[in-house]
Structures are given as C-alpha cells and as structure tokens.
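UniProt numbering puts the first residue of the sequence shown at 1, with every later residue one more than the last.
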Amino acid sequence: MTRESRGIQSIEVGGELLRALARNGEPMMLRDLAREAGMPPAKAHPYLVSFSRIGLIEQDETTGRYEIGALALELGLISLRRLSAVRIATPRIAALAGTIDHAVSLSVWGTHGPTVVRLEEPSHPVHIAMRVGSVVALLETATGRAFAAFMPQNTIKAALDSGLDRLGVGYNPKRTPKSPKVAEMLAEVRARGLARAIGDPLPGVNAFAAPVFDHAGHVALVITAMGPEGSFDVDWDSAIATALRSCAGDLSRQLGHGTVRATG
C-alpha cells in the first residue's frame, strides 16, 4: 500500500478558484467566481489577493472582474510549446526563416483566438509588432484568415460574436464567415492553401500564412511568413509562398495528414 504524498490543503482549496475561472473562460466578479468554486466570497477574496500578487490572476480596476494573469498565460504558453505539433514545427520554422530570410511565426488556436507561440527572426533587422503571446485578429491578418478559412464556421462565428478579434472588428452582419466579401476571401484561402495580407493591418508589411493539419484533419497550427513590402514577394507562386506551402505540407504529413496544395 502506497502512502499519498503530503500536500498543502489551502493551495488545493484556492485552486478551485483558478479552475472556475478557467472553466468560465471570461472575466468574473468575485461573487460569481466564489459561487462557481463552492465557497463564500469572504473566503475566496484572500486567495484572489495572493494569486494577484504572484500574477496568476489580475483584477480589472474599472469593472472589478478577475481574469487570468500574466504568470498563468506564461505557464499556458509553455504548455502549448510542449505539444507535439509545436515541438515538431519549431525546428522547421527556424529552417524556413533561414531559407526565405524573413520572419516566421507559429500560432495555435488559444483561449483568446490565434495566439503566437514561436517567432523566428531573419538575419537582417526588421520591425514587426508581434511577439510570443500576441493574439492576432481573425479577419484582418494572414494568420487569422488561415484559421478562419479552415476551422469550423460556428467556432469562428462564436469568436467574432464574443469580440475575440483583437483589432475590434467583432461580429456584425458584414463581417461574418458567410458575408459575401468575407466568404469570397476565405474561399480563396482554401483554394490556394495560403492566406495573404498585403500591407494590412501593418502598413509596409506583407505576409503569407499556411495551416498545418493533424491526423484528424483539424488545424493544429498556422505558420506565417512576414516581411517588409520592398523585399517580400506577394505573388501566389513566389519563392516565399512555395517554401511556406512546402513546409506546412511536410508538417501536415508528419502529423498524419495529407499535403496542403494550391488548387487555384
């Protein structure tokens, strides 16, 4: 008979608050968070103060609601990086960045939408407003469009409806996956196996993004190549586009899926 290791009960009790916040998926008031964790607000508050001090949660000064903090996000990113798809893709995007000599990022679908988990810089200095942990807009960026084109429509619509588009596009009748302009854009992404952004949303910066699929046909991650318009060729059959398609296809095969090929 094995003896159970001794733990700290107060940490386990406080952990219920973190679980409740994670289950809910959005900022919560003290009373609601305490109720979900099965404890009185007076008991929950000291835990929240301590969690705030170490960065596991943070409180919005305006609304008073509690949400996931910087330390929790950092731990989540570490967990995402350890996923097999990200582990396999990491050396591949480093090689791709060296081949095309442009920045290459790796993104996954996180709690708040398309989230950058890796970023490889080119040999030359370039200013791109993106870093690990950044959440990018769904319909305004090449990365977001690659997710929007290949993920289930109800997932994308729900994300837009809840305001997950970080550039403030949000959900409205003209910006749904089924609206004519957006539907046409996403259909082209599906046909070509690539999403493209030309100087938008970042003036002077172009980008291509390609989805990587797992064995079940789900989008496991998105690889994005980006660079200054003066040296980044946005032709659909450019060397950059070809190298990106090839990289995404190889990774998809490695994860048990077929190659993503352009058909248009």
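The beta-carbon is built from N, C-alpha and C at its ideal position, and this holds for glycine as well.
For the pair residue 76 and residue 65, the Cα-to-Cα distance works out to about 21 Å. Here the alpha carbon of residue 103 sits roughly 14 Å from the alpha carbon of residue 142. By the criterion of a C-beta distance shorter than 7 Å, residue 33 is surrounded in its chain by 17, 20, 21, 44, 66, once the five residues flanking it on both sides are discounted. The Cβ atoms of residue 107 and residue 222 sit closer than 8 Å to each other.
DSSP links residue 24 through a beta bridge to no other residue.
Within the same chain, 56 come within 6 Å of residue 72 by CB-CB distance, once the 5 residues on both sides are set aside.
Taking a 10 Å sphere around the C-beta of residue 206, we find 16 or more other C-beta atoms and assign the residue as buried. Just measuring C-alpha positions, the residue of 90, 29, 94, 180 sitting nearest residue 62 is 29. Around the beta carbon of residue 58, 16 or more other beta carbons lie within 10 angstroms, which makes this residue buried. In the displayed model, residue 65 falls within coil according to three-state DSSP, outside both helix and strand. Judged by their CB atoms, residue 149 and residue 196 are not nearer to each other than the 8 Å cut-off.
In the DSSP assignment, residue 116 is bridged to 107. Per DSSP, residue 144 lies in no beta strand (DSSP E); the unbroken alpha helix (DSSP H) holding it starts and ends at 142-150. Look at residue 226 here: in three-state DSSP terms it is strand. Per DSSP, residue 196 lies in no alpha helix (DSSP H) segment; the continuous beta strand (DSSP E) that holds it begins and ends at 195-198. According to DSSP, residue pairing for residue 219 in a beta bridge involves 213. CA-CA distance, residue 23 to residue 110, rounds to 14 Å. According to the DSSP secondary-structure assignment, residue 208 is paired through a beta bridge with 196, 225. Check the Cα spacing between residue 78 and each of 118, 137, 208, 35: the tightest is with 118. Looking at the DSSP output, residue 135 shares a beta bridge with 115. With a cutoff of 8 Å on beta-carbon distance, residue 41 and residue 53 are scored as not near each other.
Separation of residue 116 and residue 144 (C-alpha to C-alpha, rounded to the nearest whole angstrom) is 11 Å. If you draw a straight line from the Cα of residue 182 to the Cα of residue 46, it comes to about 47 Å.
About 7 Å separates the CB atoms of residue 96 and residue 244; that is less than 8 Å, so the two are in contact. In this structure, DSSP gives residue 58 an extended state, which the three-state scheme calls strand. Annotation for residue 49: no residue places its beta carbon closer than 8 Å to its own, counting only its chain and skipping 5 residues before and after. Non-local beta-carbon contacts of residue 9 in its own chain, meaning distances under 7 Å to residues more than five positions away in sequence, are absent.
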